[in-house]
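What follows is one structure encoded as structure tokens, with my remarks underneath.
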């Protein structure tokens, strides 16, 4: 496929963390963006509410769980970036049925609608959580899939549904599998904004869960740029492709790095409610991004520290911090 400029592009989940950044980047690259925000009675468009690119987007509200709506949503669209999903792992322990409805059935609805509409490319957004605790490192796309939480199980199911449409109906599909993405606008249920927002709010005791797991963190602009590169890459059709930095860091070490950047003397307090069940915790995630570089030549642009500094800068703006309830643990 030629570049994304002038293409009619749909972003599902555009009101969310990664989706809002992706929609803005697509506008910057000349795409004609239709942004799906989850319908609500307040007519709130999430993080797009204050976007300086809003005037250049077509905002649509609705729900990917409705197949009839999805058919209308995909009409006259060239490229679909499917990000709409429930993603909080702890909440998947509470409401697993909702994860199947949104993540699996929602993906089915989008794939069917994109097929019917003759879309030229569909990018399915996966997650490194489908791999579970690393059996071999770094983790390549051939690593076994391990459903260690209802969330990861729902994403394994969603990826399988999407891939079945490629295998059965020749849907021009790419599955992007980002490792842990972070940056401005991320929910405080994630570890990096959790740490930063607590320190920024003046707390000296920072509540965290298990400090041992390691993660490969991607700055959000790198994740978005890699997703666009994959959508533009003909060689990626039918492939699952990791997005990562090939660098891992433990949660304990991550805390120390953030504390250093923020010149804080805060200390960690471990809370049991923030720990996952023993067999559900993913202890190690380290990306092998060889396939991403080989297929489309993309290499990440931001180091972990660069991304953390940008994220700290955003969260320490009082107007941004005011969006977060740092005294409440949100699963």
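Residue numbers (the UniProt record's numbering): 1 to 331.
For glycine and all other residues, C-beta sits at the position ideal for the given N, C-alpha and C.
Next on the checklist: Am I right that residue 107 and residue 162 are in contact with their C-beta atoms under 8 Å? What's the rounded C-beta distance?
Outcome noted: 6 Å
Item to check | beta strand (DSSP E) runs contained entirely in the region 226-276, provided each spans 3 or more residues | outcome: 240-243 and 267-270
Checklist entry - Given a threshold of 16 other Cβ atoms within 10 Å of its Cβ, counted over all protein chains shown, does residue 172 qualify as buried or as exposed? => result buried
Checklist entry - Does the Cβ-Cβ distance between residue 145 and residue 131 come in under 8 Å? => result yes
Checklist entry - Between residue 307 and residue 219, which are expected to be in contact by the criterion C-beta below 8 Å, what is the C-beta distance as a whole number of angstroms? => result 3 Å
Next on the checklist: Considering only the alpha carbon of each residue, which of 252, 259 and 281 lies closest to residue 270?
Outcome noted: 252
Next on the checklist: Which residues does DSSP list as the beta-bridge partners of residue 124?
Outcome noted: 82 and 175
Next on the checklist: Quick check on the burial criterion: 16 or more other C-beta atoms within 10 angstroms. Buried or exposed for residue 239?
Outcome noted: buried
Next on the checklist: Tell me the DSSP secondary structure of residue 62 in three-state form.
Outcome noted: strand
Item to check | Cβ neighbours of residue 45 in the same chain (closer than 7 Å, five flanking residues each side left out) | outcome: 15, 37 and 59
Checklist entry - Cα separation between residue 295 and residue 203? => result 45 Å
Checklist entry - In this structure, what does DSSP give as the bridge partners for residue 166? => result Beta-bridge pairing links residue 166 to no other residue.
Item to check | Cβ shell of residue 192 (< 6 Å), same chain only, five flanking positions each side left out | outcome: 182
Checklist entry - Which residues does DSSP pair with residue 214 in a beta bridge? => result 250 and 284
Next on the checklist: Out of 254, 164 and 79, which one is the CA nearest neighbour of residue 305?
Outcome noted: 254
Checklist entry - Who does residue 35 pair with in a DSSP beta bridge? => result 11 and 59
Checklist entry - Taking Cβ to Cβ, would you say residue 110 is nearer than 8 Å to residue 174? => result no
Checklist entry - Alpha carbon to alpha carbon, what distance is there between residue 259 and residue 266? => result 7 Å
Checklist entry - Can you tell me whether residue 39 is buried or exposed, with buried defined as 16 or more other CB within 10 angstroms of its CB? => result exposed
Checklist entry - Between residue 118 and the rest of its own chain, which residues show a CB-CB distance below 7 Å, the 5 nearest in sequence each way excluded? => result none
Checklist entry - In or out: residue 187 buried (at least 16 other Cβ within 10 Å) or exposed? => result exposed
Checklist entry - When the distance is taken between beta carbons, is residue 213 closer than 8 Å to residue 312? => result no
Checklist entry - Where residue 195 and residue 170 are concerned, what is the direct C-alpha to C-alpha distance, given to the nearest angstrom? => result 44 Å
Item to check | Run of the beta strand (DSSP E) containing residue 95, from where it starts to where it stops | outcome: Run containing residue 95: none; DSSP gives neither H nor E here.
Item to check | Selection from 154, 320 and 244 that minimises the alpha carbon distance to residue 300 | outcome: 244
Item to check | Straight-line Cα distance separating residue 206 from residue 346 | outcome: Residue 346 lies beyond the range of the chain shown here (1 to 331); nothing can be said about it.
Checklist entry - Under 8 Å between the Cβ atoms of residue 340 and residue 77? => result The shown model of the chain, from 1 to 331, leaves out residue 340, and the question about it has no answer.
Checklist entry - Roughly how far, in whole angstroms, is the beta-carbon of residue 51 from the beta-carbon of residue 20, given that I think they are within contact range, below 8 Å? => result 7 Å
Item to check | Cβ neighbour criterion (16 or more within 10 Å) applied to residue 256 | outcome: exposed
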